[in-house]
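Just so you know, the sequence shown maps onto residues -4 to 284 in our numbering.
Built from N, CA and C at the ideal position, the CB exists for glycine as well.
Report on one structure; see the data block that follows.
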Amino acid sequence: MIADQSGLETRLEAAMTALDAAGMPVAMAGMLEFCGDVLQLSFPQAELAPVRAILDAHFGACDMLAADHLIEVPRLLVSDMDSTMIGQECIDELADYAGIKQQVAAITERAMRGELDFGQALTERVRLLAGLEAAAIDQCLAERITPVAGARTLIATLRSRGCRAVLVTGGFHHFADAIGAQLGFDRVVGNRLGVAEGRLTGALDGPISDAGTKRATLVEEREQLGEGARVLALGDGANDIPMLQAADYGLAYRAKPGAREAAGGRIEHGEISAVLKLLDIPENEWVAR
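What follows is the structure, encoded as structure tokens:
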């Protein structure tokens, strides 16, 4: 985990005492010299949920990754796009060009919290865009959509180590294809907006890419790599939960509560490239793009 170093020794001692009292003695604890702010703990036998609860109590909502094995560099990354690899929700920004951003964004927020069925919420939001000029998509992409800090470095570094990168989104290929190429993803999976005579039809062209699609994509890609391939998944919303739970390393990035609780780790404070620290990759080996 990546922890604030102020008062670290005192907090670490208290956490170790609490873990020991709970029957989860720590076999190893040390600051990794190449990062300076990553604390690595090893437990001979322990359930991850109570370990995380004790660490949260002593270190706060620090960035962390927990696994039941020694963490290694994954051979596959499957990532969400909106509010994970990019800082925006594309459909909300596109709706602004139709003058209905607040209406659409309210539906998006509820869907991401798991309060609405994703497919129904997506269908409703797309319907509201009917009649919008298709040219607004390219304009929105150019004016509004930006990768999160550290995204290029994260993808380039993982790929340099033989990791395949797949972008799978409940958003749209019209945005994801460009973002995927920009960041260096090997494959993109998403929804397609219906377009006719230069305007959005208010319907999707093809099946819905949803939570099931994300998990199925992860499983399909993992099977192609063979037994023993570690998989990293990144996401922020309720429709990412099945994917996060299916991965060896499911990391919630500045996520909604449901996704954060379901994931095996989280990034709350740092750039998304902090994932590389949690994977024990020294900063002097990161690939800048």
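(request) Compare the Cα-Cα distances from A206 to each of M59, Q115, I81, G18 and report the closest residue. (result) For this step, residue 206 is matched to residue 211 along the sequence shown. Closest by alpha carbon: Q115.
(message) I want to know whether the region 54 to 70 touches the region 82 to 93 - three or more CB-CB distances under 8 Å.
(response) no
(request) Please say whether L271 and R331 have beta carbons closer to each other than 9 Å? (result) Limits of the chain in this structure are -4 at one end and 284 at the other, which puts residue 331 out of reach.
(request) Go through its chain and collect everything with a Cβ distance to R194's Cβ below 7 Å, but skip five positions before and after it. (result) Locating residue 194 in the sequence shown gives position 199, where the first residue counts as 1. Taken in chain order, the residues that qualify are G126, L127, E128, A129.
(request) Excluding the 5 residues preceding and the 5 following A224 in the sequence, name in chain order all residues of the same chain whose CB lies nearer than 7 Å to its CB. (result) Within the sequence shown, the letter at position 229 stands for residue 224. Cβ neighbours of A224 beyond the five flanking positions: R70, L71, R217.
(request) Compute the Euclidean distance between the alpha carbons of L191 and L199, then round it to the nearest angstrom. (result) Locating residue 191 in the sequence shown gives position 196, where the first residue counts as 1. Locating residue 199 in the sequence shown gives position 204, where the first residue counts as 1. Looking at the sequence itself, residue 191 is Ala, so the reference to Leu does not match. Answer to the nearest angstrom: the Cα atoms are 12 Å apart.
(request) Could you check which residue in V73, H53, F38 has the C-alpha nearest to that of A61? (result) If you number the sequence shown from 1, residue 61 lands on position 66. When only C-alpha atoms are compared, the closest one is F38.
(message) Tell me which residues share the same chain as A160 and place their Cβ nearer than 7 Å to its Cβ, disregarding the 5 neighbours each side in the sequence.
(response) Locating residue 160 in the sequence shown gives position 165, counting from the first residue. The answer, listed in chain order, is L72, I150, L153, R154, G179, F180, D181.
(message) Here's the rule: buried if 16 or more other CB atoms are within 10 angstroms of the residue's CB, otherwise exposed. What is P45?
(response) In the sequence shown, residue 45 corresponds to position 50, counting from 1. It is exposed - the Cβ of P45 has fewer than 16 other Cβ atoms within 10 Å.
(message) What does the alpha-carbon distance come out to for the pair A173 and A106?
(response) The residue given as residue 173 occupies position 178 in the sequence shown. The residue given as residue 106 occupies position 111 in the sequence shown. Looking at the backbone, the Cα of A173 and that of A106 are separated by about 24 Å.
(request) Could you spell out where the beta strand (DSSP E) holding L36 opens and where it closes? (result) Counted from its first residue, the sequence shown places residue 36 at position 41. Run containing L36: 34 to 37, per the beta strand (DSSP E) assignment.
(message) I'd like the list of long-range same chain contacts for A9, defined as Cβ closer than 7 Å, with 5 residues on each side in sequence excluded.
(response) Within the sequence shown, the letter at position 14 stands for residue 9. The residues are H53.
(request) Thinking M80 and G166 are a contact (beta carbons under 8 Å), I'd like their distance in whole angstroms, please. (result) Against the sequence shown, residue 80 aligns to sequence position 85. Against the sequence shown, residue 166 aligns to sequence position 171. Rounded, the Cβ-Cβ distance is 10 Å, inconsistent with contact.
(message) Between R122 and G197, how many whole angstroms is the CB-CB distance? I'm expecting something under 8 Å.
(response) Residue mapping note: residue 122 aligns to position 127 of the sequence shown, counting from 1. Residue mapping note: residue 197 aligns to position 202 of the sequence shown, counting from 1. Contact holds; Cβ gap of about 5 Å.
(request) Determine the direct distance from the alpha carbon of D275 to that of S204, and round the result to whole angstroms. (result) Numbered from its first residue, the sequence shown carries residue 204 at position 209. Numbered from its first residue, the sequence shown carries residue 275 at position 280. Roughly 33 Å between the two C-alpha positions.
(message) Taking the alpha helix (DSSP H) that F170 belongs to, which residues open and close that run?
(response) Taking the sequence shown and counting its residues from 1, one reaches residue 170 at position 175. Per DSSP, F170 belongs to the alpha helix (DSSP H) from 168 to 178.
(message) Determine whether the beta carbon atoms of G253 and I267 lie at a separation below 9 Å.
(response) Numbered from its first residue, the sequence shown carries residue 253 at position 258. Numbered from its first residue, the sequence shown carries residue 267 at position 272. Contact: no.
(message) I need the straight-line Cα distance from Y244 to A93, nearest angstrom please.
(response) As a first step, residue 244 must be located in the sequence shown, where it is residue number 249. As a first step, residue 93 must be located in the sequence shown, where it is residue number 98. About 39 Å.
(message) Excluding the 5 residues flanking G265 on each side, which residues of the same chain have their C-beta closer than 7 Å to its C-beta?
(response) Working through the sequence shown from its first residue, we reach residue 265 at position 270. Answer for G265: I(-3), D58, listed in chain order.
(message) Would R139 and Q177 be called neighbours here (beta carbons separated by less than 9 Å)?
(response) In the sequence shown, the residue the question calls residue 139 occupies position 144. In the sequence shown, the residue the question calls residue 177 occupies position 182. No, these two residues do not count as a Cβ contact at 9 Å.
(message) Among the candidates G145, L34, T208, E222, whose CA atom is the shortest distance from the CA of A357?
(response) Past the edges of the chain, shown from -4 to 284, lies residue 357, and the structure says nothing about it.
(message) Can you find the residues in the same chain that come closer than 7 Å, C-beta to C-beta, to R108, ignoring five residues on each side of it along the sequence?
(response) Locating residue 108 in the sequence shown gives position 113, where the first residue counts as 1. Taken in chain order, the residues that qualify are A233, K251, G253.
(message) Quick check on the DSSP output: the beta strand (DSSP E) that includes V226 runs from which residue to which?
(response) Numbered from 1 along the sequence shown, position 231 holds the residue referred to as residue 226. Looking at the DSSP string, the run of the beta strand (DSSP E) that includes V226 is 226 to 230.
(request) Report yes if the C-beta distance between I132 and E119 is below 9 Å; otherwise report no. (result) By 1-based counting over the sequence shown, the position of residue 132 is 137. By 1-based counting over the sequence shown, the position of residue 119 is 124. No, the pair does not count as a contact, with Cβ atoms beyond the cut-off.
(request) Over the uninterrupted beta strand (DSSP E) stretch that includes T196, give me the two end residues. (result) As a working mapping, residue 196 is identified with position 201 in the sequence shown. Counting along the chain, the beta strand (DSSP E) containing T196 begins and ends at 194 to 199.
(message) Given a cut-off of 9 Å on the beta-carbon distance, is the pair I49 and A13 in contact?
(response) The count along the sequence shown starts at 1 and reaches residue 49 at position 54. The count along the sequence shown starts at 1 and reaches residue 13 at position 18. The answer is yes: Cβ separation under 9 Å.
(request) Taking all protein chains shown into account, decide if S1 is buried (16 or more other Cβ within 10 angstroms of its Cβ) or exposed. (result) If you number the sequence shown from 1, residue 1 lands on position 6. Burial is judged here by how many other beta carbons sit within 10 angstroms of a residue's own beta carbon; S1 has fewer than 16 and is exposed.
(request) Express the C-alpha separation of A228 and Y248 in angstroms, rounding to a whole number. (result) Position 253 of the sequence shown, counting from 1, holds the residue named residue 248. Position 233 of the sequence shown, counting from 1, holds the residue named residue 228. Roughly 10 Å between the two C-alpha positions.
(message) Given this structure, state the Cα-to-Cα distance separating E215 from V183, to the nearest angstrom.
(response) Locating residue 215 in the sequence shown gives position 220, counting from the first residue. Locating residue 183 in the sequence shown gives position 188, counting from the first residue. If I take the Cα positions, the gap works out to 14 Å.
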